[in-house]
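**Q** Just dropping this structure here.
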Amino acid sequence: MRFKPNKWIAAALGIFAQFLALLYVGRPGWAAAYLAAGFIGAIAPFFAGGECAPYGGLITLSVSALCAIHGFRVARAYDDAHPRRWYSKWYGMAGVCAGIFSLAFCVRSFLFEPFRVPSAAMAPTIEQGTHVIAKKWGYGNYGTFGVHLMKTQVSASVLRGEIIVFEYPVDRSLHYVKRVVGLPGDRITYYNKRLKINDQEVPTSPAGEYLVKGCGIAALRYVERIGEIEYHVILDPAADLYPPFTQAFPFWERCSNSLEGIACTGPELHFFVLGDYRDNSSDSRVWGFVPVANLVGKIQHIVQQWG
């Protein structure tokens with residue numbers, strides 16, 4: 004008598020790992036379908052907008068219940084005379100899981116990686132707690148989950164106005180998200196809450212008030228434009244003109260600062276970055292320039308929040 008899949012194991016797998024449940028009962032086509040459904044469900048909120056997210060949990064629970072029933076019924080009706088394929092045995096399922104994990108690891112390491120922005124420093128563009136997706140290829144810093152695989156020369160262009168992910172220069176185990184305002188060699192001045200690049204003031208226009216989420220502070224919103232990139236920044240009228248320095252940083256001598264602001268000339272292979280919430284951002288004004296070697300990627304997509 005051939006070994007028959009256990010219907011209760013199939014049901015349990017259906018709740019926690021849908022594609023494994025259908026592999027276990029010898030239905031690879033259905034396993035692929037459930038795997039695809041799970042993948043689509045996982046990435047849908049990143050591209051469909053936050054309004055779809057409240058339904059995500061309900062859909063996931065429904066699919067789990069459906070798969071548990073599906074796996075249970077297939078296992079119960081399994082024909083003892085039907086030979087079990089390699090993929091329905093423990094070593095086959097372990098190999099499939101290892102392959103899927105390896106693929107996901109490579110995608111996160113070399114192509115796209117999600118990050119969560121824990122602060123409001125990039126508001127209103129990126130609200131506190133928002134998830135973002137960074138495009139990584141071409142930026143020369145490959146790895147994920149704290150594992151560094153390789154470093155190469157940066158081949159992707161970095162433009163003023165783009166939002167980048169980078170290793171925090173003070174502690175490279177941390178990832179920061181900021182907007183590039185200065186390229187290597189640029190002279191950046193930020194005095195009296197006015198930004199200039201190479202002595203040219205960045206065009207801004209008022210865009211009304213902004214209520215900072217979580218603290219109820221009323222700030223002023225402005226539209227700022229660098230080249231072809233247009234975005235919003237917020238300023239707090241009650242905040243000091245300039246955040247105080249807490250420590251000297253590399254190439255400190257290329258900057259001059261006062262209570263009204265800062266002026267810096269970027270060294271070779273270094274970028275000057277700012278947060279969009281100018282009065283609530285720890286950025287190049289405080290800890291200095293971002294070396295090109297610290298680049299991780301460029302923000303490709305911002306997940307819209309809800310609620």
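Counting from 4, one number per residue, gives the positions in the sequence shown under my numbering.
Even for Gly, the Cβ is constructed at its ideal location relative to N, Cα and C.
Sort S284, K92, F118 by Cα distance to T147 and report the nearest one.
**A** Selected option, being the one with the closest Cα: F118.
**Q** For G291 and F275, what's the separation of their Cα atoms in angstroms?
**A** Going from the Cα of G291 to the Cα of F275 covers about 7 Å.
**Q** Measure the C-alpha to C-alpha separation of G132 and S105 and round it to an integer number of angstroms.
**A** Rounded to whole angstroms, G132 to S105 spans 28 Å at the Cα level.
**Q** Is L162 helix, strand or coil by DSSP?
**A** L162 falls in the coil class under three-state DSSP.
**Q** Throw me the rounded Cβ distance for the G29 and R79 pair, which I believe falls under 8 Å.
**A** Not confirmed; about 13 Å, so no contact.
**Q** For the alpha helix (DSSP H) holding R288, just list the boundary residues, first then last.
**A** Run containing R288: 287-290, per the alpha helix (DSSP H) assignment.
**Q** Quickly, what does DSSP pair N144 with across the bridge? List them, please.
**A** DSSP output for N144 lists K154 as bridge partner(s).
**Q** Let's see if you can read the secondary structure: which residues bound the alpha helix (DSSP H) around I103?
**A** That run of the alpha helix (DSSP H) goes 93-109.
**Q** Does L277 get closer than 9 Å to chain B when you measure Cβ to Cβ?
**A** Going by chain labels, chain B is absent from the structure shown, which holds only one protein chain.
**Q** Which residues in the same chain have their Cβ closer than 8 Å to the Cβ of V66, if we skip the five residues on either side of it in sequence?
**A** Cβ neighbours of V66 beyond the five flanking positions: Q21, Y37, A40, G41, G44.
**Q** Specify, as a first and last residue, the run of the beta strand (DSSP E) that K301 falls within.
**A** It spans 298-305 - the beta strand (DSSP E) in which K301 sits, taken as one unbroken run.
**Q** Once you ignore the five residues that flank I229 on each side, which residues in its own chain have a CB closer than 8 Å to its CB?
**A** Result list for I229: R163, G164, V184, I200, V205, in chain order.
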